[in-house]
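Step one of this worksheet: look at the structure below.
Residue numbers (the working numbering): -14 to 634.
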């Protein structure tokens, strides 16, 4: 805010009094013309920052017009600018005596006190507030005093007073965007974020280019979960400004909203402008990862590591990307190296969790259990880590320990509502899955049904119950459960997908295809549906070229998905394009080396190629990983192959 307007008004008063003469306006005006002459010289010197000369001229002007309060205020302001605060205060006080109804000396005193740097800063601010309040009493529409008073109330944490005063200011000067910012900050301190949003939104009616207002409003939108509004705000602002922080925040929002292509475009420009900014590089890698471009993401991180090879966050991101690219051993080694370098318990915990999950994916279950146990010992109240430990115990064949732990977790949450306990759904589903694995299906489903009745949003509970029935090959009950869920959640894509899978398990291929085509109509890039539909056709030898089209699209969307690459290899196998089948199946195995189906498919491929020893190796691996009927099916293939090999020997 500028104070020049206030000062110009005072100058106009001085000039007016001088040229109107002396008889009617002052009892004693010995030499108004002389006073104005020295006053003019003082202002000339002041404009040149020749404060000593300016003060000298004021000292000559004042005795020639000793009753002028306005002249004293002008002198006080010059003294203040010259750094003579004590004399400036004294002159203001003298001006008040001469003209008690004038707001000018009080306003100047407020400005002086608000900028003083003293041992008792709080007292100086209190004095400033008192003077500004007196200014407004004398001149209620003094906009500058209102603004400064609102600002000081905010500084003194008088938040409601700040809001009230700044409201008055904005009624007088609604185009000043800074006032809306100050008022918004006061609202935030009063936990009135919606009012803060409304204040900042009003400011944009006058000025859409204020960067501080824009950033705060965007941040408030994000905190309120209004990400679309934040994105729209940032996108609109790019027409008027090129601030890199705004562009970066927009990219992060786009990433959160799964708009990865748009996010990547912005972040690539920012990386070009700021190539050594670690945060931007990591954000670009994450956006690429979200777009299933894991190899490109890894290259971004590797390039950033050239400048700082030991950077923790960069190495952590690269380890995760290597795991996704099938370079699991290199990922494990990088995590272990990071762990040796780290001294922070928080970092060690994060590494241990990632390592444990990686060990699970590589079927090193005992190592996974050991690491999760270490994490839980350090953070015994961490429900998610305890839940992960339960799953690791189950995978390691220690089902009773997993069942006991999941029961403990459930008991700790059962007294709380789903609103009070955000993780409750996960805990309920986990215990139901453990019960199901222990052949206690009825108990598991009863638990889920009871919780469906309690939860206000039980979509995941319906899905879990349906899947448990599928796991136990009770497709009729699985269908009943999912239909019940769809009655409550008719627009749920997850429910429709599950219904399609249940139909497929019952051999209802037309119904399955109708459900999946319905999903693709509204979501043509649904990779899961494309793969499922394509594999269903390929596995039955139906419409193989159409199947290839579906699966190719799924792989294009998620090129590092082992299951999708397995489907692609399998449809090539069915089409008798065995070289392409081998290429894709081996790539699938590299990405998902614990999937028994991929090993079985490779066994089938090498059997067809009459490479029987290789086929036997893959069948054996499949048998070691498969369960129940799947295991029996592959075991028969292995037995037949070994008989064939035995006869040949």
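Glycine residues also receive a C-beta, built at the ideal position from the N, C-alpha and C atoms.
For residue i, the three-state DSSP class (helix, strand or coil)
i: residue 371; result: helix
i: residue 70; result: helix
i: residue 12; result: Confidence in residue 12 is poor, its pLDDT being 44 and thus under 50, which makes the residue's placement unreliable; the coordinate value appears in the next sentence. Coil at residue 12, not helix or strand.
i: residue 411; result: helix
i: residue 517; result: helix
i: residue 75; result: helix
i: residue 483; result: helix
i: residue 449; result: helix
i: residue 630; result: helix
i: residue 424; result: coil
i: residue 96; result: helix
i: residue 257; result: helix
i: residue 85; result: coil
i: residue 443; result: coil
i: residue 295; result: coil
i: residue 195; result: coil
i: residue 172; result: helix
i: residue 35; result: coil
i: residue 310; result: coil
Straight-line gap, residue i to residue j (C-alpha atoms, nearest Å)
i: residue 272; j: residue 185; result: 30 Å
i: residue -2; j: residue 55; result: Confidence at residue -2 is low in this model, with a pLDDT of 46, below 50, so its placement is unreliable and no value can be given for it.
i: residue 397; j: residue 380; result: 23 Å
i: residue 9; j: residue 42; result: Summary for residue 9: the model assigns pLDDT 42, below 50, so the residue's position carries little reliability, and this model does not support an answer.
i: residue 520; j: residue 242; result: 29 Å
i: residue 399; j: residue 568; result: 50 Å
i: residue 113; j: residue 187; result: 29 Å
i: residue 355; j: residue 346; result: 15 Å
i: residue 338; j: residue 577; result: 20 Å
i: residue 87; j: residue 154; result: 20 Å
i: residue 250; j: residue 229; result: 14 Å
i: residue 465; j: residue 245; result: 37 Å
i: residue 164; j: residue 181; result: 12 Å
i: residue 235; j: residue 220; result: 7 Å
i: residue 625; j: residue 592; result: 11 Å
i: residue 559; j: residue 518; result: 15 Å
i: residue 561; j: residue 525; result: 14 Å
i: residue 471; j: residue 496; result: 16 Å
Bounding residues of the alpha helix (DSSP H) (the contiguous stretch that carries residue i)
i: residue 138; result: 128 to 140
i: residue 464; result: 460 to 473
i: residue 314; result: 313 to 326
i: residue 160; result: Neither: residue 160 is in no alpha helix (DSSP H) and is coded neither H nor E.
i: residue 599; result: 597 to 610
i: residue 553; result: 547 to 559
i: residue 111; result: 106 to 123
i: residue 266; result: 263 to 275
i: residue 497; result: 494 to 507
i: residue 287; result: 279 to 290
i: residue 187; result: 178 to 188
i: residue 358; result: 350 to 363
i: residue 218; result: 212 to 222
i: residue 581; result: 581 to 593
i: residue 534; result: 529 to 542
i: residue 30; result: 17 to 32
i: residue 232; result: 229 to 241
i: residue 392; result: 384 to 398
From the options, residue whose alpha carbon lies closest to that of residue i
i: residue 620; options: 584, 351, 170, 313; result: 584
i: residue 404; options: 429, 443, 390; result: 443
i: residue 146; options: 297, 162, 169; result: 169
i: residue 487; options: 560, 579, 458, 59; result: 458
i: residue 18; options: 46, 27, 30; result: 46
i: residue 111; options: 124, 143, 211; result: 143
i: residue 358; options: 348, 555, 371, 298; result: 371
i: residue 298; options: 63, 34, 592, 326; result: 326
i: residue 445; options: 80, 422, 415; result: 415
i: residue 408; options: 440, 79, 173; result: 440
i: residue 382; options: 393, 437, 353, 151; result: 353
i: residue 580; options: 565, 566, 611; result: 611
Whole-Å CB distance - residue i paired with residue j, under 8 Å assumed
i: residue 95; j: residue 116; result: 4 Å
i: residue 269; j: residue 253; result: 6 Å
i: residue 67; j: residue 40; result: 6 Å
i: residue 645; j: residue 597; result: The requested residue 645 does not occur in the structure, where the chain is confined to residues -14 to 634.
i: residue 197; j: residue 166; result: 6 Å
i: residue 450; j: residue 419; result: Contact doesn't hold; Cβ gap of about 14 Å is too wide.
i: residue 570; j: residue 554; result: 4 Å
i: residue 417; j: residue 429; result: 4 Å
Min CB distance residue i to chain D below 9 Å
i: residue 248; result: Any reference to chain D falls outside this structure, which holds one protein chain only.
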